[in-house]
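Working notes, beginning with the structure itself.
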Amino acid sequence: MAVSVGANDAVVSSKFLDPKTLVELYPASNAVDGVDGTLCSTAFGWGNYLSLNLKYPTIVDRVEVFNRDDRAEWAAALPPFNIYVGDAYGAKTIQCGDTVTKALPNPLTVFCGGAAGTHVTLVQVGDSPRFLRMDQMTVYTPAPPAIKTGSGEAGSGEAESGEAGSVEAGSGE
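Under the working numbering, think of the first position of the sequence shown as 4, with each following residue one higher.
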């Protein structure tokens with residue numbers, strides 16, 4: 004089931020340049036607005052991250068990242084990156100899956116194997132400085148088990164959570 008993350012619960016960060024202008028043009032909240040084509044951005048740098056505050060300890064099944072797909076050379080700037088589950092903005096407590104090295108096709112899915120935490124963070128890795136510019140990031144919890152009723156089974160699909168979290172982006176290096 005998708006975890007709903009509120010606009011004020013997304014943060015991007017970079018320690019290079021003044022990210023204020025980019026944050027105003029491409030705020031982290033764009034990564035969770037559900038609108039295809041809105042981008043979030045950091046400044047140019049190393050170790051840029053996008054971090055989502057889930058508000059409550061949450062078991063994370065998978066994370067889907069939707070990279071920009073308007074131009075292949077711009078999409079290629081996002082990877083390589085890792086996804087982490089932790090308990091603070093930018094925390095790299097539990098790494099989910101392997102390092103993502105491809106830029107497309109969307110979604111770029113990373114499985115977290117039931118890692119639990121209050122924050123999910125995408126961190127760019129590697130030796131090359133670059134912008135973190137992407138479209139959307141969605142966090143999924145495991146589907147609830149089917150409920151047996153007198154007439155059979157019901158309720159094993161995915162549904163959105165009612166509680167909103169927050170998003171941040173930053174530079175960890």
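Every residue gets a Cβ at the ideal spot worked out from N, C-alpha and C, and that includes glycine.
The structure displayed is predicted, hence computed values, not measured ones.
Three-way DSSP call (helix, strand, coil) for residue i in this model
i: Val35; result: helix
i: Leu28; result: helix
i: Ala162; result: Unreliable positioning characterises Ala162 in this predicted model, as indicated by a pLDDT of 34, which lies under 50. The coordinate reading is nonetheless provided below. In the structure shown, Ala162 sits in coil (DSSP, three-state: anything other than H, G, I, E or B).
i: Pro83; result: coil
i: Ala69; result: Just to set this straight, residue 69 is Phe in the shown sequence, not Ala. Three-state result, Phe69: strand.
i: Thr2; result: Absent from the model: residue 2. The displayed extent of the chain is 4 to 176, so no value can be given.
Distance between beta carbons of residue j and residue i, contact taken as under 8 Å
i: Arg133; j: Phe47; result: 7 Å
i: Pro30; j: Cys43; result: 6 Å
i: Leu55; j: Val113; result: Actually they do not touch by this definition, with Cβ atoms about 13 Å apart.
i: Pro145; j: Ile62; result: 6 Å
Start and end residues, alpha helix (DSSP H) containing residue i
i: Ala78; result: Ala75 to Ala78
In DSSP terms, what residue i is bridged to
i: Val6; result: In the DSSP output, where bridge partners are listed per residue, Val6 has none listed.
Inset, instruction - Would you list, in sequence order, the uninterrupted alpha helix (DSSP H) runs of no fewer than 4 residues that lie entirely inside the region 87-156? - result: none
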